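Undergrad: Supplied in structure tokens, the structure appears directly below.
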Amino acid sequence: MRIILGITVVAVILVSVSCRKDHTADLNPSAAPQSTVTVQSNSAAAPSVQAIDKPALSCQVETLSLYPVPNNPANLAISVVVSVQNSGAASTLQDWKLTVYSPNRSDFTAFEAVHVNGVVEMPGAGGRRVDLAKEDLALASKQVPVEKAGQLRGVLTFVLPKTSVQELSNNQSSFVIHFKDSQGTLYRSRKTVIGLGAK
Numbered sequence: 001m002r003i004i005l006g007i008t009v010v011a012v013i014l015v016s017v018s019c020r021k022d023h024t025a026d027l028n029p030s031a032a033p034q035s036t037v038t039v040q041s042n043s044a045a046a047p048s049v050q051a052i053d054k055p056a057l058s059c060q061v062e063t064l065s066l067y068p069v070p071n072n073p074a075n076l077a078i079s080v081v082v083s084v085q086n087s088g089a090a091s092t093l094q095d096w097k098l099t100v101y102s103p104n105r106s107d108f109t110a111f112e113a114v115h116v117n118g119v120v121e122m123p124g125a126g127g128r129r130v131d132l133a134k135e136d137l138a139l140a141s142k143q144v145p146v147e148k149a150g151q152l153r154g155v156l157t158f159v160l161p162k163t164s165v166q167e168l169s170n171n172q173s174s175f176v177i178h179f180k181d182s183q184g185t186l187y188r189s190r191k192t193v194i195g196l197g198a199k
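Using the working numbering, you'd call the opening residue of the sequence shown number 1 and step up by one each time.
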């Protein structure tokens with residue numbers, strides 16, 4: 001989905017959170033238990049199987065902006081600056097999604113990140129202007145692996161249909177960001193509360 005942005009940003013105060021691995025994605029109740037092998041004393045010991053090095057990712061939500069979509073103000077755009085750190089094996093990232101929880105709406109599901117064009121001033125960033133197309137984290141994280149002990153930073157943008165800023169402000173609305181590593185492991189953030197602030 002491609003959106004041309006020329007926007008006035010509504011500043012938002014939010015709680016920075018850390019992403020964590022969604023351990024429920026690894027559960028498989030139908031998996032067979034590991035078997036035990038007995039080695040005779042006169043047999044050579046079987047070589048040990050090395051564990052596969054896995055990514056170990058965490059992320060921080062730095063700033064958030066809510067604004068009506070230009071030329072379609074009935075829809076709401078959410079741009080989030082996110083940094084991702086990795087203490088495990090190098091990995092690309094994919095399947096970025098946003099779930100919103102609001103007492104005013106019960107129909108919010110997982111919205112996919114969209115690629116957009118436009119330059120915005122992100123609140124809480126010291127007046128820093130962000131080029132949403134050049135700093136698209138959903139695109140960059142597919143192409144550039146996050147190396148071990150490395151970091152990748154960028155912007156994610158989501159569009160919520162038939163939603164206004166007022167519906168998500170000052171009412172304990174919150175959101176969760178989901179993404180996967182190259183091995184298909186799911187990560188999700190804790191809920192981040194959205195609050196309306198001054199521009």
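We put the CB at the ideal spot given by N, CA and C, even for glycine.
Since the model is a prediction, treat every value here as computed from it, not as a measurement.
For Ser-141, name the three-state secondary structure that DSSP assigns.
TA: Residue numbering aside, residue 141 sits at position 141 when the sequence shown is read from its first letter. Residue state, collapsed to three classes: helix.
Undergrad: Need the endpoints of the alpha helix (DSSP H) that Leu-168 sits in, please.
TA: The residue labelled residue 168 in the question sits at position 168 within the sequence shown. That run of the alpha helix (DSSP H) goes 165-168.
Undergrad: Residues in the same chain with beta-carbon distance under 8 Å from Val-130, minus the five sequence neighbours each way, listed in chain order, please.
TA: Position 130 of the sequence shown, counted from the first residue, corresponds to residue 130. Closer than 8 Å at the Cβ level, and outside the excluded window around Val-130, lie Ser-79, Val-81, Val-119, Val-120, Glu-121, Met-122, Val-155.
Undergrad: When burial is assigned at 16 or more other CB atoms within 10 Å of the CB, is Thr-63 buried or exposed?
TA: Residue mapping note: residue 63 aligns to position 63 of the sequence shown, counting from 1. Residue environment: Thr-63 is assigned as buried (16 or more neighbouring CB atoms within 10 Å of its CB, all protein chains considered).
Undergrad: Helix or strand or just coil, what does DSSP make of Ser-106?
TA: Numbered from its first residue, the sequence shown carries residue 106 at position 106. In the structure shown, Ser-106 sits in coil (DSSP, three-state: anything other than H, G, I, E or B).
Undergrad: Let me know the secondary structure DSSP gives Ala-77 once reduced to three states.
TA: Here residue 77 refers to the residue found at position 77 of the sequence shown. Three-state DSSP puts Ala-77 in a strand.
Undergrad: Under 7 Å between the Cβ atoms of Gln-94 and Lys-142?
TA: Here residue 94 refers to the residue found at position 94 of the sequence shown. Here residue 142 refers to the residue found at position 142 of the sequence shown. Cβ atoms of Gln-94 and Lys-142: closer than 7 Å.
Undergrad: Ordered along the chain, which non-local residues of its own chain (more than five positions away) have a Cβ less than 7 Å from that of Ala-31?
TA: For the purposes of this step, residue 31 is identified with residue 31 of the sequence shown, where counting begins at 1. Interpretation of Ala-31 is limited by its pLDDT of 38, a score under 50 that renders its predicted location unreliable; no figure is taken from the coordinates.
Undergrad: Determine the DSSP secondary structure at Leu-132, reduced to helix, strand or coil.
TA: Along the sequence shown, read from residue 1 onward, the residue named residue 132 stands at position 132. Reduced to three states, the DSSP call for Leu-132 is coil.
Undergrad: Thinking just about the alpha-carbon of each residue, which of Ser-58, Asn-75, Val-146, Gln-60 is nearest to the one in Leu-66?
TA: As a working mapping, residue 66 is identified with position 66 in the sequence shown. The shortest C-alpha separation from Leu-66 is found at Asn-75.
Undergrad: Could you say which of Asp-181, Thr-163, Val-144, Asn-86 lies nearest to Ser-173 if we only look at CA atoms?
TA: Locating residue 173 in the sequence shown gives position 173, where the first residue counts as 1. Looking at the Cα atoms, Thr-163 is the closest of the given residues.
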